Amino acid sequence: MTVCTFAGHREVFSSTVESEIDKALIEIIEADKECVFYSGGMGDFDKKCESAVRGMKRKYPERSIRLVRVLPYLTHEINRDKEYFESYYDDIVVPMELMGVHYKAAIKKRNRWMVDQADKILAYIYRDFGGAFDTIKYAYRMGKPVLNFAVKE
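Counting from 949, one number per residue, gives the positions in the sequence shown under my numbering.
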């Protein structure tokens, strides 16, 4: 099983990033019959990756492809928008390691948790500051392979 996660700044300025995401996902999915994709769902890049994973699920119905939304903490949003979450994600998790973590620190810890679980990270990082940058810096420190689509621009 291959586990992949996404990290990127809120805004995506590339017109080619969707096709690059598709190429990367095809490579990952064709290499392994079982894939799990973790998303924090917080910005343009996460949304583009989530959409691409949903497309891959339709393209490769014979493969086990799961899209999991990882929340940093519980909110009423899960109950209020239950149908949305159930239609877009295979699962929604709040990692046990985040229980009791102050909400201001929870997003950073959630991002690190996703990196710790991942075999690969797809990224869109063009600034040297911010939460996404910190997440990728952590991924490199942990020796995780990172494919940064913003580097090519």
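No residue lacks a Cβ here, since even glycine has one placed at the ideal position from N, Cα and C. Quick caveat, the model's predicted, so the values are computed rather than measured.
Next on the checklist: Give me, in chain order, the residues of the same chain whose beta-carbon lies closer than 8 angstroms to that of proline 1093; leave out the 5 immediate sequence neighbours on both sides.
Outcome noted: Around proline 1093: Asp1067, Lys1068 and Ile1069.
Next on the checklist: Judging by CA-CA distance, which residue of Arg1089, Ile1073 and Phe1077 is the nearest neighbour of aspartate 992?
Outcome noted: Looking at the Cα atoms, Ile1073 is the closest of the given residues.
Checklist entry - In or out: glutamate 1101 buried (at least 16 other Cβ within 10 Å) or exposed? => result Low local confidence applies: a pLDDT of 47 at glutamate 1101 is under 50, so the model's placement there is unreliable, with the coordinate-based value given in what follows. Exposed, because fewer than 16 other Cβ atoms sit within 10 Å of the Cβ of glutamate 1101.
Next on the checklist: Judging by CA-CA distance, which residue of Gly1078, Val965, Pro1043 and Arg1060 is the nearest neighbour of tyrosine 1088?
Outcome noted: Of the candidates Gly1078, Val965, Pro1043 and Arg1060, the one whose C-alpha sits nearest the C-alpha of tyrosine 1088 is Arg1060.
Item to check | DSSP-derived helix/strand/coil call for arginine 1115 | outcome: With the chain covering only 949 through 1101, there is no way to say anything about residue 1115.
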